[in-house]
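All residue numbers in the sequence shown are consecutive under the UniProt record's numbering, ending with 715.
First comes the structure, then the notes that go with it.
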Amino acid sequence: MISLNIVETTLPFTNPVLKFLLILVIILFTPIFLNKIKIPALLGLIIAGAVVGPNGFNLMERDSGIILSGTAGLLYIMFLAGLEMDLVDFKKNSKKSLVFGLYTFIIPMILGMIVSLYILKFSIPTSILLASMFASHTLIAYPLISKLGVAKNRAVNITVGGTLITDTLALLVLAVIVGMNTGEVNVTFWVKLSVSILIFGATVMLLFPIIGRWFFKRFHDNISHYIFVLMMVFLGAFLAELAGIEAIIGAFLTGLVLNRLILRTSPLMNRIEFVGNAIFIPFFLIGVGMLVDYRVFFKDLETIKVAAIMIIVATSAKFLAAWLTQKTFNFSTDERRLIFGLSNAQAAATLAAVLIGYNLIIGETATGEPIRLLNESILNGTILMILFTCTIATFVAQKGAKNIALLETSGMAAYDEEYIENILIPINNSDTTDDLINLGIIAKSKNNTNGLYALSIVDDYEMGSSADKHARKILEHATVTASATDNTIHTLLRYDINIVNGISSVAKEHKITDLILGLHIKKGISDSFLGNLTEGILSKCNPTTFIYKPYQPFGTIKRHVIIVPAHAEKEIGFPFWLTKVWNIAKNSSAKLIFFATKETNAAIDALQLKNPLVYEFREFKDWNTFLELKSEFQKDDNLVIVLSRKDKPSYDSNMSKIPSYLNKYFNAMSYLLVYPMQVGEFDKSQIDLTNPTLIEPFGKIDELEQTIAKILKRK
1 MISLNIVETT LPFTNPVLKF LLILVIILFT PIFLNKIKIP ALLGLIIAGA
51 VVGPNGFNLM ERDSGIILSG TAGLLYIMFL AGLEMDLVDF KKNSKKSLVF
101 GLYTFIIPMI LGMIVSLYIL KFSIPTSILL ASMFASHTLI AYPLISKLGV
151 AKNRAVNITV GGTLITDTLA LLVLAVIVGM NTGEVNVTFW VKLSVSILIF
201 GATVMLLFPI IGRWFFKRFH DNISHYIFVL MMVFLGAFLA ELAGIEAIIG
251 AFLTGLVLNR LILRTSPLMN RIEFVGNAIF IPFFLIGVGM LVDYRVFFKD
301 LETIKVAAIM IIVATSAKFL AAWLTQKTFN FSTDERRLIF GLSNAQAAAT
351 LAAVLIGYNL IIGETATGEP IRLLNESILN GTILMILFTC TIATFVAQKG
401 AKNIALLETS GMAAYDEEYI ENILIPINNS DTTDDLINLG IIAKSKNNTN
451 GLYALSIVDD YEMGSSADKH ARKILEHATV TASATDNTIH TLLRYDINIV
501 NGISSVAKEH KITDLILGLH IKKGISDSFL GNLTEGILSK CNPTTFIYKP
551 YQPFGTIKRH VIIVPAHAEK EIGFPFWLTK VWNIAKNSSA KLIFFATKET
601 NAAIDALQLK NPLVYEFREF KDWNTFLELK SEFQKDDNLV IVLSRKDKPS
651 YDSNMSKIPS YLNKYFNAMS YLLVYPMQVG EFDKSQIDLT NPTLIEPFGK
701 IDELEQTIAK ILKRK
């Protein structure tokens, strides 16, 4: 007879089911309760960990399970920071990141050394190590900032880049100090460390993207994609440890190199953020809270003195670094709050340093007691410093992020009122449904939350047949695909004897602004499709029309090569298709190369004054030489060809040859054909095409009004 002891009678709990249940209760109810009293959920999880931990009510131990999950959470935070970083801004702001990284390393080191030597009276090695603990920081507030939608702000970008610099330097200081006290710092030590770091960096930066692109091209299972990404994060972290640096550096670099392969609007990105924010990151925060010991307040005055000085020095130094960065680059007060909030929290690297220093015995007292590099007062003071700095950082970061988010939201209000973006995606093939829906999500404007439509057309004579069931199944598939990215899509089932009539009728009924059509992955543009397109859809539908052939996953594309005809800027739909290209570039992080005339390039520049598109320009004006561009195209390019309807300003008779060229020479490439929007009756009633506020993604500012108006009036 088996006896099951399901009721715990002693503390801490040992039943794994009960322990996991307790953690889930904390993760679920802490944010719900604290939101009502305006306390950030991140801080609440740390406090909850302190309450249930060994120094609180002792409901749970900080055992290997908590440590394992917490380590995964910490790596997740750093990985997300690299994954969500805007690489274009990162390159553009790399010098600013370097400046901030040096500010936030040197200032705490100087202040920490002075205070440690002359106020706390510590030795030089202890003072250097303690100062390096002040210099490092953990991006505790990053999930909060990401949730508020300001993760791509320049201040966040610079702070994340600076974190890589200061944490690396601080951890190198730790390695040197430990080496000095174990007698290992010599020429061999420096050569070994340098070579191992170079090998690690080259492996992650060069090999990981190749492996990732290969995997995503060949395997399409959603679960496999997530497990693969998680494996790469821990592999990068492990390689960093092998190189002699902290695992968080490896996780961050892995995020950077996978950045281009994981679209910001993709289901995979949604899953990565969901699992991290729901499970791994809360485990880390609860684990940090379990380290907090309230009893140190009552132990002795020395601990309180050391803790108070550590908190003051760490906070003052990080604020001074943020303030100097603000003044150096003319940032706003809220951007300074973001920088300070992200950089003030002490946790991961600080905790690693204090535990290593505490366990390092450098001698013995006359009574035989061990002399530690970092004594017990510093250990307890560090725990209190972690609690206080995480509290301050969370409140400050939340205030700055909320103010910036409100400012950005108010800037979109007028755009919402002026222009309603509705994207229609006719679908009939399960092989291309995911690609078409994902293209619509990638290309749509950020503020478009209710303007996606999936359409399936059934022949009137086949109502109630297998065709009807197939159409409903395809629409259900589209709904699942969109919901995996937290987007809503309206499904439309239409019965009509003619597909062209069905599409054009729906376009008019729902005031469609963009139409996305798909080609089969293994087929080209057939004569029947081309005939229906030119004689039917393009003559009856005026929205911007995209024809997409997905040869490879969108995330594996390295460059978008856009071929633009002469006089494209004179088309009324010019700024509207350019908006979609901007959104695609923003969400995919792939490089943009425009082949166009100098006049068209000048028009693009005029529309990019507020939010510049970073792109390369190469002159192209003769469609007779189109095939000569073959040498310019590369294996992982997406070819975007802007065409035109007949008798429109940018139309060229040679455009009729493009479908045959694509079938013959570019069948092994992804490509996107674009037909700019034209003026129709329902277009006129819906929007004012001469209104400059329509070009919101390019900046709604007074200085652009005359330039944009001139461009839009060229017909």
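Don't be surprised by glycine CBs; every beta carbon is placed ideally from N, CA and C.
Measuring C-alpha to C-alpha distances from A170 to each of P40, Y142, K92 and L102 identifies L102 as the nearest. In summary, A507 is buried, with 16 or more beta-carbon neighbours lying within 10 Å of its beta-carbon over all protein chains present. With respect to the 9 Å criterion, S266 and T485 are classified as neighbours on the basis of their beta carbons.
Rounded to whole angstroms, the separation of the alpha carbons of I199 and E246 is 15 Å.
Linking G236 to E273 through their CA atoms gives a straight-line distance of about 19 Å. In this structure, the beta-carbon distance from L42 to G255 does not fall below 9 Å.
Cα atoms of G536 and A401: separation of roughly 49 Å, rounded to the nearest angstrom.
By a beta-carbon distance limit of 8 Å, A317 does not contact A393. Their separation comes to about 13 Å. Look at the beta carbons and you see the stretch 496 to 514 touching the stretch 537 to 554: at least three pairs across the two are nearer than 8 Å.
Exclusion of the five residues before and after I165 leaves G101 as the residues of its chain whose Cβ lies within less than 6 Å of its Cβ.
DSSP, read as helix, strand or coil, puts S343 in helix. Straight-line measurement puts the Cα of G440 at about 19 Å from the Cα of N222. Partner residues in the beta bridge of T491, as assigned by DSSP, are A454. According to the DSSP assignment, E246 belongs to no alpha helix (DSSP H), since it is labelled neither H nor E. According to DSSP, F20 shares a beta bridge with no other residue. By the beta-carbon neighbour count (other beta carbons within 10 angstroms, threshold 16), F79 is buried.
Of Y661, F219 and L28, the smallest CA-CA separation from G44 is found for L28.
For T367, DSSP records no beta bridge to any residue.
Per the Cβ contact rule, the stretch 659 to 667 is not in contact with the stretch 572 to 584 (fewer than 3 Cβ pairs under 8 Å).
Close CB contacts of P12 within its chain, under the 8 Å cut and outside five residues either way in sequence, are with P54, N58, L59, M60 and E61 (chain order). In the three-state scheme derived from DSSP, where H, G and I count as helix and E and B as strand, S670 is classed as strand. The alpha helix (DSSP H) runs lying completely inside the stretch 589 to 661 and spanning 4 residues or more are 598 to 607, given in chain order. Going by DSSP, L235 is part of the alpha helix (DSSP H) stretching over N222 to L242. Residue pairing from DSSP places I423 in a beta bridge opposite L452 and D514. Rounded to the nearest whole angstrom, the C-alpha separation of E302 and I378 is 10 Å.
Between the stretch 328 to 341 and the stretch 118 to 130 there are fewer than three inter-stretch CB-CB distances shorter than 8 Å, so the stretches are not counted as touching.
Contact between L384 and I489 is absent: CB atoms are separated by about 50 Å, not below the 8 Å threshold. In this structure G49 touches G289 by the C-beta definition: roughly 2 Å separates them, less than 8 Å. Using a 10 angstroms sphere on the CB of Y615, the tally of other CB atoms reaches 16 or more, which defines it as buried. Inclusion of I26 and P143 in the CB contact set at 9 Å is not warranted, their separation being larger than that value.
With fewer than 16 neighbouring CB atoms inside 10 Å of its own CB, G363 falls in the exposed class. Here the alpha carbons of Q398 and K147 stand approximately 10 Å from one another. Counting other Cβ atoms within 10 Å of its Cβ, D167 reaches 16 or more and is therefore classed as buried. In the three-state DSSP reduction, I361 falls in the strand class (E or B). Classified as exposed, F238 has fewer than 16 neighbouring CB atoms from the shown chains inside 10 Å of its CB. Taking C-beta atoms as the reference points, N428 and L452 fail to come closer than 9 Å.
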